[in-house]
Amino acid sequence: MRGRGGCGWGSCGSLWALLLRPTLLLLPMLLLPMLLPPAGHSARAARGHELSQGPPQPFEVLYDRGVEAFSAGDFEAAVRYLEQALSSRRRLREGRLRCRLECGAQAPLGTARGGGPAWELRFLRALLERARCVRRCERGDEDTASASAPVLSRSPADVRLDFQKRMPYSYLQQAYSQMNQMDKAAEAAYTFLMANPEHMAVPSHDENIEAVAGAKLVDREAQPHLEHYREAVEYYEADDFQLAIESFEQALKDYFTADRECRVLCEWSWGYGDQEHLVKTDGFYEIIAGLYSRRLICEHDCVRELATWPGQLSPIENFLPLHYDYLQFSYYQVGNYVKALECARSYLLFHPDDEDVQDNVRYYESVLEESMDPQIIKAREDATIFMKRHKLEAELIISAVVNLGIPYTEQNYWTHDGGRQEDAPVLSETGDRMAEAPEKSGGKQPLPRLDREAQEGGPLLYSHIKFVYNSEQLNGTQRMLLDNVLSEEECQELQSMAGRIMLAGSGYKGEVSPLTPNEKFEGATILRALKFGYEGRVPLKSARLFYDISEKARKIVQSYFRLNSTLYFSFTHLVCRTPLSDQPQNRDDLSHPIHADNCFLDSDTNECWKEFPLAARDYSAILYMNEDFEGGEFIFTGIDSKTVTASIKPKCGRMVSFSSGRENPHGVKAVTKGQRCAVALWFTLDPLYRELERLQADEMIRQWNHEQSINPKDEL
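Under the numbering used here, the first residue of the sequence shown carries the number 260, and numbering increases by one thereafter.
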């Protein structure tokens, strides 16, 4: 992404943005409290750390001994065991993939096709041959398992979960640092942080780490299809469409390779033999169908796994179709209309009713050479095969759910609202020819898009909400003011919770007064509130209220401004401002200086400079919680930052919302007495810039107190 600058006191809405901050120079955070070893290691630390002679040890044993050595302060042994554990696990995965792929080719089950009375015997023979091949292949890999079951301080499931969370790299970065191998420490830390970005807010002041920070860091667990996709989007946003095409095409190849591997690994799982879903009346065919169905569900969910960035709990919606969407517009930009048409038709396999892409198909057809028949240009074979299989899988899984009672809820990660903006690349017709696509502005363009006439005045969705002012009445564009969004009781409940969860400053940086030296600024994020609620440190009801009212605000903004695509959270923040006791009389400063939310305002030149991730914000909202204070009015100004165009006095339940660009400069007048509290919200139309903490909060709401099952592929 373009964004490498600071994220302000708000939020970097994406993992990429976090990882590209200049503060990455300090990323190896030597935080021993974060890595306290499990109970019992200190008692065992006196034992020797050398592996016994015999067959190569499983990665669980190597990891266990590496953590034990780390606990004992033997960092050289810790590094040796941990690196061996990572290597052993990698070889185990590669061995299983190789055996299953080779045996699938040598003993295909398709040879059992055909009818007749012996079809079951032919199928069984093919199945037995496959099983024999796999077993012989895997037993030939001497390093896949030890001769006896390992004795571990923790369960193998816990160890596998540590690998899923990349914990070995967290131990490694500290061990390498203790050994003064700072380049390796930085690489291990970077690999850990890619999947654990919540630790990135804590800086390190280790001079040796800073000395190697300029080196290019490598994520040792990087997934090629995601890396090439990220690279492609960067080229696309830089308008380098040829390089974007090359990277998107490579990302697709890598995706389908990863998809094949993901499916193969579903053939191996500890969980297929459990009995919890079987009933006494289940016979041979019910049991066999159940096993097949559970494996099929695992394969079907590869869509989710391959679309999920490290450290995130929810996938990028519409991930695979987005490749074709980007490609169709990139090929258009370089004048390759055949490929553009091919990719547009591929996208329509996922979203056949998308009118914008249908318009693009007609445009691409119109500019082909006259000698070329548009109908011979079909959707790409990879997309066609994939979608046929995916639809058939869905049908079979539904049948298994209905007839066998297998618990499963189909998730649609290709929702039209989830991945595409309404303002996608529509090439409109003018007479007998099509209009040229408009030039891309210097602002956010994660997807090809046109600027469309701003609309407002949509329904407010809730009968108790009172409409106050529209854009015209607020002397601007894309502005609105509402009352009664919150009740008095809800305001009081939020305020009561706020005092117990807020941190000085942004809620991240710890700076007491980031905006003015005359006020104390405090904040809390949505995830912090929910964690406090579920830990019993504040009422869970209050934490859930914070979550629910922010979602309520999002729905209102999306509806009122008539957005035909999903509005995502970019940042969710509860903020309070309190004047300091020694503040000067007759203050002329602002509680929050005049600014725009998605660009850096330069009032001298009347320009607003865009830089990611700030530029990803599309709409903003502030939901007020109280009015028992003096000052603190919200003001809109002109682009000169001086001419006040509207002033709003906060009160309980009042909400102001507006588009986040240069058209809406705004600020907050000085708070001179009391405490001013509000919920500040930023939204984006781009799913790539969704708030990471919001995704974690969503998952916490859905899955709290339910033990997460480990995906069979994560057991490796």
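Note that the Cβ used here is the ideal one computed from N, Cα and C, for glycine as well. For clarity, every value in this text was computed on a predicted model and none was experimentally measured.
Proximity to residue i [Cα-Cα], best of the options
i      : options                        : result
Val816 : Thr943, Val418, Leu839, Glu889 : Thr943
Met441 : Leu452, Lys800, Lys424, Leu476 : Leu476
Ile665 : Glu545, Gln754, Glu749, Ala638 : Glu545
Glu749 : Ala491, Ser809, His610         : Ser809
Glu752 : Gly782, Glu614, Leu627, Leu799 : Leu799
Ser436 : Phe334, Val620, Asn577         : Phe334
Asn865 : Asn885, Ile898, Ala510         : Ile898
Leu720 : Glu558, Tyr819, Glu794         : Tyr819
Lys790 : Leu485, Arg803, Val523         : Arg803
Pro580 : Ser625, Arg554, Leu607         : Leu607
Val927 : Ser900, Gly912, Ala653         : Ser900
Thr902 : Ala642, Ile635, Tyr591, Asn734 : Asn734
Ile760 : Ala788, Tyr728, Phe578         : Ala788
Glu397 : Arg425, Phe830, Ser506, Cys362 : Cys362
Ala364 : Ser346, Gln343, Ala390, Arg350 : Ala390
Asp988 : Ser625, Leu826, Tyr827, Asn885 : Residue 988 lies beyond the range of the chain shown here (260 to 975); nothing can be said about it.
Range of the contiguous beta strand (DSSP E) that encloses residue i
i      : result
His854 : 849-854
Phe917 : 914-918
Asp861 : 859-861
Trp941 : 935-943
Trp868 : 866-868
Pro317 : Run containing Pro317: none; DSSP gives neither H nor E here.
Cys835 : 827-838
Leu882 : 878-883
Val903 : 903-907
Glu889 : 888-890
Lys928 : 925-928
Thr896 : 893-896
CB of residue i within 8 Å of CB of residue j, strictly
i      : j      : result
Tyr495 : Ala503 : yes
Asp877 : Gly933 : no
Ile881 : Met914 : yes
Arg738 : Phe780 : no
Val326 : Tyr488 : no
Tyr322 : Pro427 : yes
Leu360 : Ala385 : no
Leu786 : Gln587 : no
Val393 : Glu319 : no
Glu715 : Arg821 : yes
Phe893 : Pro924 : no
Ala875 : Asp957 : no
Gly795 : Ser801 : no
Glu778 : Val930 : yes
Asp478 : Thr450 : yes
Leu839 : Gly782 : no
Asp848 : Thr775 : yes
Leu655 : Gly912 : no
Val620 : Arg604 : yes
Asp499 : Cys561 : no
Leu211 : Cys867 : Residue 211 lies beyond the residue range present for the chain, which begins at 260 and ends at 975; the question has no answer from this structure.
Ala447 : Lys424 : no
Arg554 : Cys521 : no
Glu230 : Glu558 : Since the first and last residues shown for the chain are 260 and 975, residue 230 lies out of range.
Pro550 : Asp641 : With the sequence shown as reference, residue 550 is identified as Leu, and Pro is not the correct amino acid for it. No, they are not a contact pair.
Pro611 : Glu624 : no
N- and C-terminal bounds of the alpha helix (DSSP H) containing residue i
i      : result
Val661 : 640-663
Phe820 : Premise fails: Phe820 is in no alpha helix (DSSP H) and is neither H nor E.
Met761 : No alpha helix (DSSP H) contains Met761, which DSSP labels as neither H nor E.
His723 : First-last for His723: undefined, no H or E at that position.
Lys512 : 500-524
Tyr435 : 426-437
Glu781 : Glu781 -> not in any alpha helix (DSSP H); beta strand (DSSP E) instead, spanning 778-784.
Asp742 : From DSSP, Asp742 is part of no alpha helix (DSSP H) but of the beta strand (DSSP E) over 738-742.
Gly363 : 334-365
Cys392 : 378-398
Pro415 : 415-423
Leu485 : 483-496
Within-8 Å CB hit, residue i to chain B
i      : result
Trp378 : Although the question refers to chain B, the structure presented lacks it and comprises just one protein chain.
Quick one: any contact between the stretch 949-961 and the stretch 848-868, if contact means 3 or more CB pairs under 8 Å?
-> no
Uninterrupted alpha helix (DSSP H) stretches inside the stretch 584-640 (no shorter than 4 residues) = 596-609, 614-625
Below 8 Å, can you find three or more Cβ-Cβ pairs linking the stretch 434-449 to the stretch 334-345?
-> yes
Whole alpha helix (DSSP H) elements within the stretch 549-579, 4-residue minimum = 561-565
On the three-pair Cβ rule with 8 Å, is the stretch 598-605 touching the stretch 480-487?
-> no
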